[in-house]
Every structure is written in C-alpha cells, then in structure tokens.
Amino acid sequence: MAIDNGGGGYGNPLERDTDRVLHDVRENWESLERARDVYGVVITGTIDGENLAVNQGATDKLRAQMATQ
Numbered sequence: 005m006a007i008d009n010g011g012g013g014y015g016n017p018l019e020r021d022t023d024r025v026l027h028d029v030r031e032n033w034e035s036l037e038r039a040r041d042v043y044g045v046v047i048t049g050t051i052d053g054e055n056l057a058v059n060q061g062a063t064d065k066l067r068a069q070m071a072t073q
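Note that the numbering used here has the sequence shown beginning at 5, numbered continuously upward.
Now the structure itself:
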C-alpha cells in the first residue's frame, strides 16, 4: 500500500472557497499554517477541538495583501 499527498490542483489558491479549506483542515488534509500561508485563509480555534472557524475579515485582508505580492 502507498500513501500519497494530494495533487497540485489548479487555479489560484487565493480564490479557493474558504469552507473547502476549513473542511480540509478539519479532516487533517491541510494544516492551519498551510491554510494561512498558501490559501490565505485565517482559521481560528484549535486543530484538536471542534471550534475551528474561518475569520472572514482577517481572511479577506490577508488575501488582499497576498495578491499584491
């Protein structure tokens, strides 16, 4: 048996639906850090708790900042 990570995907990661990124973090397919650093999605709460949520205001601000880089 082999275990592999997901593919590279397509499209601009800053345009990825925030709910999908949150789902991937909840499933442990993505980390909180990768959600922020790659997708520009700011998620609050703890990975081991059920209190994860997207901070939409902070996400919008971060994505705008990342888009200019």
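The beta carbon of each residue, even a glycine, is placed where N, CA and C say it ideally should be.
Name, in chain order, the residues that DSSP records as bridge partners for residue i.
{"i": "I47", "result": "V58"}
Can you give me the Cβ contacts of residue i inside the same chain, cut-off strictly under 6 Å, excluding the 5 residues immediately before and after it?
{"i": "A39", "result": "V25, V29, V45, I47"}
{"i": "R67", "result": "L18, G44"}
Do you know whose CA, among the options, lies nearest residue i's CA?
{"i": "D23", "options": "V58, G49, T50, G15", "result": "V58"}
{"i": "D41", "options": "E54, H27, Y14, L18", "result": "L18"}
{"i": "L56", "options": "R20, Y43, H27", "result": "H27"}
{"i": "E79", "options": "Q69, G61, K65, G53", "result": "Residue 79 lies beyond the stretch modelled for the chain, which goes from 5 to 73, so this question has no answer here."}
Since residue i is in the alpha helix (DSSP H), which residue starts that stretch and which ends it?
{"i": "D21", "result": "Careful: D21 lies outside any alpha helix (DSSP H) and carries neither H nor E."}
{"i": "D41", "result": "36-41"}
Within a Cβ cutoff of 7 Å, which residues of the same chain sit near residue i, ignoring the five residues on either side of it in sequence?
{"i": "T63", "result": "T22, G44, V45, V46"}
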